[in-house]
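Asker:
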Amino acid sequence: MTVSKYAAFNNETALNYIKSLGMFFAEDSELTCYEFGDGNLNLVFRILDTDNNSVILKQALPYARCVGESWPLTLDRARIEAQVLQKHGEVCPAHTVKVLHHDHDKAATVLEDLGAMDILRAELIAGRTFENLGQHVAQYLATTSFYYSDFYLNPQEKKTQIQNFTNPELCAITEGLFFDDPYRESERNDYPAALAEQVKQLRKNTTLLCIVARLKTKFFSSPQTLLHGDVHTGSIFVNAEQTKLIDPEFGFFGPIGFDLGSFIGNLLLNYCAQNGRIKEPPKRRDLHSYLLNTISACLQQFEQSWLTLAQQRTRDLALQAPGYLELFLQEVLQDTMGY
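Take the sequence shown: its letter number 312 is residue 346 in this note's numbering, and every next letter is one higher.
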């Protein structure tokens, strides 16, 4: 990246940049641009014309937006995000937001506008449900995890891809938040004082700590596939018919079970939170049932979709050994429960 070519956009410069590309709107279009979103790391703009045709412009900042310049971050994460979306979109376009243009020097990506859809996190908090959510996410994860694994890629290509998607700075954030901070004193921890004794006991649980250590070791030493890396309910757009994933800037080659486990863990967090949000027991039971059924449907669809792909498309002869696909899949599902 040429540092001299980088400058953070504002509404005016973002609009002028989109105009300069000449790719998305007629030359005489009257355009409007505004920044929106509550992301922790990036700038996000919507540019639209008078007919409500629109695109999204996303730009990485050289620091974590939620903290400021005291927490510097690599701008290369914009390249990784765009390329993960492109790779995943090649094999699973139905559930991947479309990249329209990427500018490495400006750490900027133009994306299709999913304005007709909503962020899953807000929808679940409001108690709204989506019938095909579990199956859709499972199809995305099964398809992308298979096609970028050893079962499909040749070893040379996979090693090249692993190098291309090496993402140490953002992986370090995940490693801290998932595997370190909850189990020791950290300024990033935030929990009610009433839970202090339970937290203390959790940190003394040596069986749990050994499991966490195993999962962390696998996280940074098992490049099984090209992960999204940040599959939570804030990275998923939904409506009644569609589900699309966004924001894979934490993407890297890691264990297949991590993305699936992250999604299920987020649904379980929502399950727990509804005890304080929904006061009417029947409504709360209905949403709890929906969340558990969605988790079950996701696991079943993932297992079915991944195994079907592996049985039909595995290229490596050794990995076609009778019974091995099922054995490998059970290991993935075990990892999923851990993550």
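All C-beta atoms, glycine included, are put in the ideal place defined by N, C-alpha and C.
No experiment lies behind these values; they were computed from the predicted model shown.
Could you name the residues of the same chain whose beta carbon sits closer than 7 Å to that of Gly268, not counting the 5 residues immediately before and after it, in chain order?
Answerer: Contacts found: Ile153, Arg155.
Asker: Using a 10 Å radius around the Cβ and a threshold of 16 neighbouring Cβ atoms, would you call Gln93 buried or exposed?
Answerer: Flag for Gln93 reads buried.
Asker: Helix, strand or coil for Thr163, going by three-state DSSP, please let me know.
Answerer: Coil at Thr163, not helix or strand.
Asker: Can you check which of these residues, His122, Gly123, Gly56, Ile52, is closest to Ile90 by C-alpha distance?
Answerer: If we check each option's Cα against that of Ile90, Ile52 comes out closest.
Asker: In angstroms with no decimal places, state the Cα-to-Cα distance between Arg237 and Ile329.
Answerer: Between Arg237 and Ile329, the C-alpha separation is close to 28 Å.
Asker: Decide yes or no for the touch test of the stretch 320-334 against the stretch 279-293: beta carbon pairs closer than 8 Å, at least 3 of them.
Answerer: Because the criterion of three Cβ pairs below 8 Å is not met, the stretch 320-334 and the stretch 279-293 do not touch.
Asker: Quick check on DSSP: helix, strand or coil for Ile312?
Answerer: Coil.
Asker: If we call anything under 7 Å between Cβ atoms a contact, is Gly285 one with Ile159?
Answerer: Not in contact: Gly285 and Ile159 (Cβ atoms no closer than 7 Å).
Asker: Taking only three categories from DSSP, how would you classify Glu69?
Answerer: In this structure, Glu69 counts as strand in the three-state DSSP scheme.
Asker: If you count every other CB in all the chains shown that lies within 10 Å of the CB of Tyr186, and 16 or more means buried, which is it?
Answerer: Burial call: buried.
Asker: Does Glu365 come out as helix, strand or coil in the three-state DSSP assignment?
Answerer: Helix, per DSSP.
Asker: As an exercise, report each continuous alpha helix (DSSP H) stretch of at least 4 residues that is fully enclosed by the stretch 177-209, in chain order.
Answerer: Within the stretch 177-209, the complete alpha helix (DSSP H) runs of at least 4 residues are 189-198, 202-208.
Asker: According to the Cβ coordinates, are Ala98 and Leu109 closer than 7 Å?
Answerer: No, the pair does not count as a contact, with Cβ atoms beyond the cut-off.
Asker: Within a Cβ cutoff of 7 Å, which residues of the same chain sit near Leu243, ignoring the five residues on either side of it in sequence?
Answerer: Within the same chain, Leu243 has close Cβ partners Tyr217.
Asker: So, do the stretch 242-259 and the stretch 173-188 have three or more beta carbon pairs nearer to each other than 8 Å?
Answerer: Taking 8 Å as the limit for Cβ pairs, the verdict is that the stretch 173-188 does touch the stretch 242-259.
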